[in-house]
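Notes to accompany the following structure.
Protein chains: 2
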Amino acid sequence: MLSKNKIKFINSIKKKKYRDIQECFFVEGEKLVDELLKSDFQITDLFATNEWISKNESNLSLSIPLTEISQGELLKISSLSTPNKVFAIVTQKNISFSINEIKTKLSIVLDNINDPGNLGTIIRIADWFGIENIFCSKESVDLFNPKVVQSTMGAIFRTKVHYVDFKILFNQANDFEDFNIYGTFLEGENIYKEDLPQKGFIMMGSESHGISDEWKPFINKKLFIPNYPIDFKTSESLNISVATAIVCSEFRRNA
Amino acid sequence: MLSKNKIKFINSIKKKKYRDIQECFFVEGEKLVDELLKSDFQITDLFATNEWISKNESNLSLSIPLTEISQGELLKISSLSTPNKVFAIVTQKNISFSINEIKTKLSIVLDNINDPGNLGTIIRIADWFGIENIFCSKESVDLFNPKVVQSTMGAIFRTKVHYVDFKILFNQANDFEDFNIYGTFLEGENIYKEDLPQKGFIMMGSESHGISDEWKPFINKKLFIPNYPIDFKTSESLNISVATAIVCSEFRRNA
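As they're listed, the protein sequences go chains A and B. Throughout the first sequence, residue numbering follows the working numbering, covering 14 to 268 in sequence. Throughout the second sequence, residue numbering follows the working numbering, covering 14 to 268 in sequence.
See the structure below:
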């Protein structure tokens, strides 16, 4: 049974401001909670229907506070159009990275990404292609936005997303040996013909403005995903998560 | 000025049933209407703010019925969270294809795609990679759904989407010479190592169920997009539009 206070609390953390104050977020649905339970994220409250509990009880740690709720109660707290059996409140994790780790690996850098579905999808892409670290500019959409969490399909529990000051990040990267910052541009080099290493930053711009002028000077390798037929010049573009997927696939295809 | 009847009409065609009866759909926003005006789609009504009209009047054909409306009126008909200056009602076009055209080209085949954003994004991918024809099973989301139209970013006016009976389509394809039907499966061949021709069907399954059992026997080339590191077996998957993008990119990269 859900108390009025709990419903109020959950509805408050749909907003970033209150998620930050409470240092928590929520995770919904069978698939995502399944991934959550496999992770080391800490669950502070788990609400589930009788059906879900019967199926999963034996796998649950006794330290997780579990409350049985009805489908009607689930509807009151869910942000999904079709609420799905289980709802967890989870503690936000402060994730750090070491410069030494970053300088030998491939990471994704997102300049002012706004759409939660895009960020979630990119986290899922990063997870698929074994890219552990994603750097977002501080104005980007919040990682714990319910739509971001949902569209990661659980990859959020395996990927590290950092909100950082790009000036500091790029200045540090400047000192890395043989390290490139890649970005996609209409005037870039054909990505299919480039020799792509297994380290560097893959930088993607925002949905509406691309990579900001401020960061362009830091990009030392400009890439282009050729359209087809290639001699047919287009002014069009690909969706940012689609472009990220193709770039990541190109980096990993010969790895 | 917008009449009450017009507002009622526009709100009715947000539903597929009424779009089909009226044989029309709507297109919103500067970018999309810009693309619409370059296409041969027929506009039956164009509503725009004074600002848009001043900027575009000289390029407009006099045969297009134009009504100036206020931002407040635009809000009443828009399906966008931030309505954007212009709104067009457009006649649906009956698009056909010839078997002769299909048998020498690459086409995309979508089995029961449900999410409008995914269909729109795939249409945009097809447009980028010069894939003119997309076949959808009859249960798929409607092409003229406002969210589909929006997420094509205008590619809807350059790509042909057909809703067909797959049984008929695949039986016809069976008779094509050297023609393959490709699908992605966890047990498929590493797509990076395959020699991919410039014709065939690229079949993608639905978001939740993949390719239906009914159509699996028709797929004669199973492909797999390798995750990284490749020896780390995953049960995860990529979002359908992301997977479509990587597959299309692989088909075109050596073309």
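Glycine is no exception: its CB is placed at the ideal position from the N, C-alpha and C atoms.
Below 7 angstroms on C-beta distance, what does Asn252 of chain B contact in chain A?
For the purposes of this step, residue 252 of chain B is identified with residue 239 of the second sequence, where counting begins at 1. Near Asn252 of chain B (Cβ distances below 7 angstroms), the residues of chain A are Thr134, Arg137.
How is the alpha helix (DSSP H) around Lys180 of chain B delimited, first residue to last?
By 1-based counting over the second sequence, the position of residue 180 of chain B is 167. Element bounds for Lys180 of chain B: 179–187.
I'd like to check one pair, Gly143 of chain A with Pro242 of chain B: are the Cβ atoms closer than 7 angstroms?
Counting from one through the second sequence, the residue named residue 242 of chain B turns up at place 229. Counting from one through the first sequence, the residue named residue 143 of chain A turns up at place 130. Yes. Within cutoff.
Local Cβ density within 10 Å of Glu86 of chain B, reported as buried at 16 or more and exposed below that
One-based indexing of the second sequence puts residue 86 of chain B at position 73. With 16 or more Cβ atoms within 10 Å of its Cβ, Glu86 of chain B is classed as buried.
Checking contacts by CB at 7 angstroms: is Ile224 of chain B closer than that to chain A?
In the second sequence, residue 224 of chain B corresponds to position 211, counting from 1. Not an interface residue.
For Met14 of chain B, the nearest candidate out of B:Cys37, B:Phe60, B:Lys27 (CA to CA)
Here residue 14 of chain B corresponds to residue number 1 of the second sequence, with the count starting at 1. If we check each option's Cα against that of Met14 of chain B, B:Phe60 comes out closest.
Straight-line CA distance for Tyr205 of chain B to Tyr195 of chain A?
The residue labelled residue 205 of chain B in the question sits at position 192 within the second sequence. The residue labelled residue 195 of chain A in the question sits at position 182 within the first sequence. Spanning the two alpha carbons is a distance of roughly 22 angstroms.
Cut-off 6 angstroms between Cβ atoms - residues of its own chain near Lys29 of chain A, not counting five sequence neighbours on either side
As a working note, residue 29 of chain A is residue 16 in the first sequence. Only Asp155 meet the Cβ criterion.
So, using beta-carbon positions, are Val40 of chain B and Ala101 of chain B closer together than 7 angstroms?
On the second sequence, residue 40 of chain B is found 27 positions in, with the first residue counted as 1. On the second sequence, residue 101 of chain B is found 88 positions in, with the first residue counted as 1. Yes, the pair counts as a contact, with Cβ atoms nearer than the cut-off.
In angstroms, rounded to a whole number, what distance separates the CA positions of Phe237 of chain A and Ser262 of chain B?
Taking the first residue of the first sequence as position 1, residue 237 of chain A is located at position 224. Taking the first residue of the second sequence as position 1, residue 262 of chain B is located at position 249. Near 12 angstroms, if we compare the C-alpha coordinates of Ser262 of chain B and Phe237 of chain A.
How about Ser25 of chain A and Ile135 of chain A: do their beta carbons lie closer than 7 angstroms?
For this step, residue 25 of chain A is matched to residue 12 along the first sequence. For this step, residue 135 of chain A is matched to residue 122 along the first sequence. No, Cβ-Cβ distance for Ser25 of chain A and Ile135 of chain A is not below 7 angstroms.
Neighbourhood of Trp141 of chain A by C-beta, 6 angstroms cutoff - its chain only, sequence neighbours within 5 removed
Here residue 141 of chain A corresponds to residue number 128 of the first sequence, with the count starting at 1. Nothing listed; no residue qualifies.
Using a beta-carbon distance below 7 angstroms, is Ile26 of chain A in contact with chain B?
Start at 1 with the first residue of the first sequence, and residue 26 of chain A comes out as number 13. Not one chain B Cβ lies under 7 angstroms of Ile26 of chain A.
Under 7 angstroms, do Ala256 of chain B and Thr197 of chain B count as touching if we go by C-beta distance?
Working through the second sequence from its first residue, we reach residue 256 of chain B at position 243. Working through the second sequence from its first residue, we reach residue 197 of chain B at position 184. Yes, they are a contact pair.
Expressed to the nearest angstrom, what Euclidean distance is found between the alpha-carbon atoms of Val122 of chain B and Pro210 of chain B?
Reading the second sequence from its first residue, position 109 is the one you call residue 122 of chain B. Reading the second sequence from its first residue, position 197 is the one you call residue 210 of chain B. Rounded to whole angstroms, Val122 of chain B to Pro210 of chain B spans 16 angstroms at the Cα level.
What does Gly42 of chain B touch in chain A if you count any residue whose Cβ is under 7 angstroms from its own?
Sequence index remark: in the second sequence, residue 42 of chain B carries index 29 (1-based). What Gly42 of chain B touches in chain A: nothing, since even the nearest Cβ is about 12 angstroms away.
At what residues does the alpha helix (DSSP H) containing Glu86 of chain A begin and finish?
Your numbering for residue 86 of chain A matches position 73 in the first sequence. It spans 84–90 - the alpha helix (DSSP H) in which Glu86 of chain A sits, taken as one unbroken run.
Name the DSSP bridge partner or partners of Leu209 of chain B?
Taking the second sequence and counting its residues from 1, the one referred to as residue 209 of chain B is at position 196. Beta-bridge pairing links Leu209 of chain B to no other residue.
Identity of the residue in B:Ser92, B:Ser83, B:Leu75, B:Tyr31 nearest Trp65 of chain B by Cα:
As a working note, residue 65 of chain B is residue 52 in the second sequence. Of the candidates B:Ser92, B:Ser83, B:Leu75, B:Tyr31, the one whose C-alpha sits nearest the C-alpha of Trp65 of chain B is B:Ser83.
Whole-angstrom distance between Phe22 of chain B and Pro159 of chain B, CA atom to CA atom
Counting from 1 along the second sequence, the entry for residue 159 of chain B is found at position 146. Counting from 1 along the second sequence, the entry for residue 22 of chain B is found at position 9. If you take the alpha carbons of Pro159 of chain B and Phe22 of chain B, they lie about 15 angstroms apart.
Kindly confirm or deny that the region 217–231 of chain B and the region 218–227 of chain A touch, where touching means at least three C-beta pairs closer than 8 angstroms.
no
Measure the Cβ-Cβ separation of Glu185 of chain A and Ile108 of chain A and say whether it is below 7 angstroms.
Stepping through the first sequence from its first residue, residue 185 of chain A is reached at position 172. Stepping through the first sequence from its first residue, residue 108 of chain A is reached at position 95. Reading the sequence as shown, one finds Gln at residue 185 of chain A and not Glu. Not a contact, by the Cβ cut-off of 7 angstroms.
Any beta carbon from chain B within less than 7 angstroms of Tyr205 of chain A's own beta carbon?
The sequence position of residue 205 of chain A within the first sequence is 192, counting from 1. Yes, Tyr205 of chain A counts as interfacial toward chain B.
Mark Glu48 of chain B as exposed unless 16 or more other C-beta atoms lie within 10 angstroms of its C-beta, in which case mark it buried.
The residue given as residue 48 of chain B occupies position 35 in the second sequence. Buried: at least 16 other Cβ atoms inside 10 Å.
Buried or exposed for Phe183 of chain B, please, with buried defined as at least 16 other CB atoms from any protein chain shown within 10 angstroms of its CB.
One-based indexing of the second sequence puts residue 183 of chain B at position 170. With 16 or more other Cβ atoms within 10 Å, it is buried.
Contact set between Tyr241 of chain B and chain A, taken where Cβ atoms lie within less than 7 angstroms
Residue mapping note: residue 241 of chain B aligns to position 228 of the second sequence, counting from 1. Simply Phe142, Gly143, Arg265, Ala268.
How big is the Cα-Cα spacing for Leu132 of chain B and Ile126 of chain B?
Sequence index remark: in the second sequence, residue 132 of chain B carries index 119 (1-based). Sequence index remark: in the second sequence, residue 126 of chain B carries index 113 (1-based). Distance between the alpha carbons of Leu132 of chain B and Ile126 of chain B: 7 angstroms.
Alpha helix (DSSP H) segment containing Lys235 of chain B, residue limits
In the second sequence, the residue the question calls residue 235 of chain B occupies position 222. Premise fails: Lys235 of chain B lies in the beta strand (DSSP E), 234–237, not in any alpha helix (DSSP H).
Thr271 of chain A - partner residues in DSSP beta bridges:
Chain A is shown from 14 up to 268; residue 271 of chain A falls before or after that span and cannot be answered.
Nearest to Phe148 of chain B by CA position, among B:Ala168, B:Asp178, B:Phe157, B:Val161, is which residue?
What you label residue 148 of chain B is simply residue 135 of the second sequence in a count that begins at 1. Phe148 of chain B has its Cα closest to that of B:Asp178, out of B:Ala168, B:Asp178, B:Phe157, B:Val161.
Determine the contact status of Val99 of chain B and Val162 of chain B, defining contact as a CB-CB distance below 7 angstroms.
As a working mapping, residue 99 of chain B is identified with position 86 in the second sequence. As a working mapping, residue 162 of chain B is identified with position 149 in the second sequence. No, these two residues do not count as a Cβ contact at 7 angstroms.
DSSP has Tyr195 of chain A in a bridge; who is on the other side?
In the first sequence, residue 195 of chain A corresponds to position 182, counting from 1. In the DSSP output, where bridge partners are listed per residue, Tyr195 of chain A has A:Ile215, A:Lys234.
Are Phe170 of chain B and Phe54 of chain B touching if we call contact CB-CB under 7 angstroms?
Position 157 of the second sequence, counted from the first residue, corresponds to residue 170 of chain B. Position 41 of the second sequence, counted from the first residue, corresponds to residue 54 of chain B. Yes, Cβ-Cβ distance for Phe170 of chain B and Phe54 of chain B is below 7 angstroms.
Chain B residues whose Cβ lies nearer than 7 angstroms to that of Ile259 of chain A
Numbered from 1 along the first sequence, position 246 holds the residue referred to as residue 259 of chain A. Here the neighbours are Ala258, Ile259, Ser262.
Within 7 angstroms (strictly less), CB to CB, does Val174 of chain B reach chain A?
The residue labelled residue 174 of chain B in the question sits at position 161 within the second sequence. False, the Cβ-Cβ gap to chain A never drops below 7 angstroms.
Of the residues A:Arg266, A:Thr95, A:Glu249, which one's Cα is nearest the Cα of Leu199 of chain A?
Position 186 of the first sequence, counted from the first residue, corresponds to residue 199 of chain A. Selected option, being the one with the closest Cα: A:Glu249.
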